[in-house]
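Data first, discussion second: the structure below is written as structure tokens.
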Amino acid sequence: MPLDLEKMEGDIFTSKGMVKAEFTFWVGLAMDKFYDGTTDQKFIGTKCSKCGKVFLPPRNRCGDCFAKAEEFVDLPGTATLKNFTITPWKITERRAKKGNKNALVGLVQVDGADSAFMTEILNTTEDKLEEGMKLKVVWAKRIKGHPQDIAGFEPVGGA
Amino acid sequence: MERIGIVGYHQVRPELDLQMSPYECIFTAVRGALDHAGLKRKDITTVISATNDYYDGKTISNCFKVSAGGAYMKDESKVEMDGAHAAQYAMFRILSQNHKLAMVYGFSMPSCMPFECTRILELDPTFDRPISLMNSYSTCGMQMRAYMKKYGVSEEQIAEATATNWKNAAKNPLALQEAQKADMTAAEVLKSDYLASPLRELMYPLLGDGCTALILAPEKQALKITDNPVWITGVGNCQETYYFGERDLTTSLSMEKASEAAYKMAGVKPSDIDVAELFGYTACEDIILAESAGLAEKGKGDSLVAKGCLNPSGGATSGMTPCATGLNRIIEAVKQLKGEAEEHQVSGVKKAIASGQIGFCAQNNIIYVLEGGN
Ligand SMILES: [Zn+2]
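Sequence lines, in order, name chains B and V.
Mapping of the first sequence onto the working numbering: position 118 corresponds to residue 118, and the numbering continues sequentially without gaps.
Mapping of the second sequence onto the working numbering: position 262 corresponds to residue 262, and the numbering continues sequentially without gaps.
See below:
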């Protein structure tokens, strides 16, 4: 690709997209099953064969026991809020941008799981968020076996 | 363990937009460290760097830095972690008895790359990355919330410690100029916008372009070079789980393990430590790390900041250069031990600790016990 002289301002040289290097990540057997589950709007985790810890999103091993965690377990759509933050920042691998609107970001532990993950808390307001509150999953309108199948979680019984 | 001497160092003062090429910056630090030790490039036998392919926008980020880093035709390797990890690698090279002098440097230019975006590339690409809610701000915010809640620590207390960091930076001649805020108050910190509640903009460090170099030598060699080396007498590091939702954010398990190992190696107790230079992203994280290193009771670590024995340099708040911040902490601890810290000197420092980290909320910590005297 020829050099884009427009991109050279003064002594600064911006190297942008000269090589398109897209990666393919094979999700593995456990996450493959997880995304099968989200396609049917349900959660599937894995259980450690030694300590019995349940992981969601699932993984095929327990780092602590260094044992297999290949038993799949069905988990409900209900969860507990472990921690949260309210942020106007949206950061992706492409850009970091401070928006005008706050996102409510929760660390959510699905009932029966020993792990937790970050997701958006929907259909409520900042002042209502509290650690320990009960939540339920909100599935995306269009389901496609992707992390964004989980639109977020909302308070049980509405805001 | 045989004592390893720190015989020379140089830190390029970080700037928001340093007017140097990466190679000029690295050369300045490495040449500066050699001059500081009164050594020549030919004396160095191994060069270990800490840089990052994503930060540098090129793969094998060390390969183009060979001439600037003094590594031409030498034993050379790189650590894609913090500079403090590179120093440990250099120690291993020396302890193998194959090397008499090791150059270590850590470098990055955050003005040239979207640092917060590169952190998204640290995430699990099959789940967390496409969701893109986990980042420096949201994780530091949750860490602060968890810590405050567990120990009943107030936002005001964290803001007070944060203000002290900015004020300490004002006394540190190698702090980023924009980080030298001699008149900072807790009230002003609490007036700044939220990055990710309860974390505010003034609780997060400014990023600076820079490079820091350090020269290590085995005991005998160190005493030939200087009659006043600082000794590394202990080191420990530990890696926690990646899975953020399984970590206890109110403490640092990796720092607990790492510091235990380092203290044991050095034969010291936490109560022997006079000053700590720890790499936390925020004052809250500094405090958590200090508590986990046994310097204060859990929930009471802010007293260390008030007393002036935790990050008298301002810590990462004095300017955070990814890959160099842990080395800066080591250099600051060395200065304290040598009585060369000028305006931010703590009196009577005999033993110090310094730490580096990588990963969200210091998933991995590395800590050194440093001692002065012959
Ligand atoms: Zn297990």
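By construction, the Cβ of each residue, glycine as well, lies at the ideal position given by its N, Cα and C atoms.
From a predicted model like this one, the values you see are computed outputs, not experimental measurements.
C-beta neighbour in chain V for residue i, strict 7 Å
{"i": "T46/B", "result": "no"}
{"i": "L107/B", "result": "yes"}
{"i": "V73/B", "result": "no"}
{"i": "S49/B", "result": "no"}
{"i": "P220/B", "result": "Outside the displayed range of chain B (1 to 159) lies residue 220/B, so it cannot be described from this structure."}
{"i": "A96/B", "result": "yes"}
Cβ-Cβ distance between residue i and residue j below 7 Å
{"i": "V305/V", "j": "A352/V", "result": "no"}
{"i": "G32/V", "j": "H10/V", "result": "yes"}
{"i": "V12/V", "j": "I48/V", "result": "no"}
{"i": "G77/B", "j": "K141/B", "result": "no"}
{"i": "S138/V", "j": "V105/B", "result": "yes"}
{"i": "V79/V", "j": "Y72/V", "result": "no"}
{"i": "C323/V", "j": "F107/V", "result": "yes"}
{"i": "A30/B", "j": "T46/B", "result": "yes"}
{"i": "H85/V", "j": "I288/V", "result": "no"}
{"i": "F25/B", "j": "P125/V", "result": "yes"}
{"i": "G210/V", "j": "P14/V", "result": "yes"}
{"i": "C284/V", "j": "Y194/V", "result": "no"}
{"i": "G280/V", "j": "D272/V", "result": "no"}
{"i": "K100/V", "j": "T45/V", "result": "yes"}
{"i": "G326/V", "j": "L176/V", "result": "no"}
{"i": "A217/V", "j": "G57/V", "result": "no"}
{"i": "K90/B", "j": "L107/B", "result": "no"}
{"i": "G63/B", "j": "T241/V", "result": "yes"}
{"i": "H344/V", "j": "K181/V", "result": "no"}
Candidates the options: closest to residue i by CA position
{"i": "L278/V", "options": "Q221/V, N364/V and S197/V", "result": "N364/V"}
{"i": "V7/V", "options": "I215/V, E24/V, I60/V and N165/V", "result": "I215/V"}
{"i": "A169/V", "options": "Y23/V, N328/V, Y368/V and Q357/V", "result": "N328/V"}
{"i": "L18/V", "options": "T321/V, Y368/V and G372/V", "result": "T321/V"}
{"i": "A68/V", "options": "Y281/V, E24/V, G319/V and L223/V", "result": "E24/V"}
{"i": "T85/B", "options": "N100/B, M118/B, T92/B and N60/B", "result": "M118/B"}
{"i": "D40/B", "options": "D64/B, L75/B and R61/B", "result": "L75/B"}
{"i": "D82/V", "options": "A316/V, A341/V, V349/V and L223/V", "result": "A316/V"}
{"i": "M431/V", "options": "Y54/V, M134/V, E76/V and A362/V", "result": "With chain V represented from 1 up to 374, any question about residue 431/V goes unanswered, as that position is not in the structure."}
Under 8 Å by beta carbon: chain A residues contacting residue i
{"i": "N83/B", "result": "The structure shown contains no chain A; its protein chains are B and V."}
Chain B within 7 Å of residue i, Cβ atoms only
{"i": "I288/V", "result": "no"}
{"i": "P22/V", "result": "no"}
{"i": "E80/V", "result": "no"}
{"i": "E188/V", "result": "no"}
{"i": "C63/V", "result": "no"}
{"i": "P205/V", "result": "no"}
{"i": "C117/V", "result": "yes"}
CA-to-CA distance, residue j to residue i, given in whole angstroms
{"i": "D248/V", "j": "G299/V", "result": "14 Å"}
{"i": "L295/V", "j": "Q239/V", "result": "20 Å"}
{"i": "K53/B", "j": "R93/V", "result": "40 Å"}
{"i": "K149/V", "j": "K42/V", "result": "55 Å"}
{"i": "I232/V", "j": "T59/V", "result": "32 Å"}
{"i": "I121/B", "j": "G141/V", "result": "16 Å"}
{"i": "S379/V", "j": "R145/V", "result": "Chain V is shown from 1 up to 374; residue 379/V falls before or after that span and cannot be answered."}
{"i": "L121/V", "j": "A161/V", "result": "31 Å"}
{"i": "V27/B", "j": "W166/V", "result": "44 Å"}
{"i": "Y151/V", "j": "L95/V", "result": "42 Å"}
{"i": "P312/V", "j": "F72/B", "result": "51 Å"}
{"i": "V369/V", "j": "S259/V", "result": "9 Å"}
{"i": "Y243/V", "j": "S115/B", "result": "8 Å"}
{"i": "N228/V", "j": "A29/V", "result": "21 Å"}
{"i": "M398/V", "j": "R3/V", "result": "The structure shown does not extend to residue 398/V, since chain V is modelled only from 1 through 374, so no value can be given for it."}
{"i": "A341/V", "j": "D75/V", "result": "33 Å"}
{"i": "Y263/V", "j": "P270/V", "result": "7 Å"}
{"i": "A50/V", "j": "Q357/V", "result": "12 Å"}
Interface residues of chain B facing residue i [CB-CB closer than 9 Å]
{"i": "G210/V", "result": "Ordered by position in chain B, no residue passes the 9 Å Cβ test against G210/V, which lies about 18 Å from the chain."}
Interface residues of chain V facing residue i [CB-CB closer than 7 Å]
{"i": "W89/B", "result": "Y137, L195 and A196"}
{"i": "G63/B", "result": "T241"}
{"i": "A140/B", "result": "Going along chain V, no residue has its Cβ under 7 Å from A140/B, so there is no contact; the nearest lies around 12 Å."}
{"i": "F25/B", "result": "P125 and T126"}
{"i": "P57/B", "result": "F127"}
Interface partners of residue i on chain B, CB under 8 Å
{"i": "L133/V", "result": "A103, V105, M118, T119 and E120"}
{"i": "R41/V", "result": "Within 8 Å Cβ-Cβ: nothing; R41/V doesn't reach chain B, min ~28 Å."}
{"i": "R129/V", "result": "E93"}
{"i": "E246/V", "result": "D114, S115 and A116"}
{"i": "P322/V", "result": "Residues of chain B passing the Cβ test: none, with the nearest at roughly 15 Å."}
Under 7 Å by beta carbon: chain B residues contacting residue i
{"i": "P121/V", "result": "Strictly speaking, residue 121/V in this sequence is Leu, with Pro absent from that position. Here the neighbours are E93."}
{"i": "P110/V", "result": "Chain B residues near P110/V: none, gap ~12 Å exceeds 7 Å."}
Chain V contact residues for residue i, given Cβ-Cβ distances below 9 Å
{"i": "E131/B", "result": "R145, A146 and K149"}
{"i": "I143/B", "result": "The premise fails here: I143/B is roughly 15 Å from chain V at the closest Cβ pair, so nothing lies under 9 Å."}
Chain V residues whose Cβ lies nearer than 8 Å to that of residue i
{"i": "A148/B", "result": "According to the sequence shown, residue 148/B is Gln rather than Ala. Chain V residues near Q148/B: P130 and I131."}
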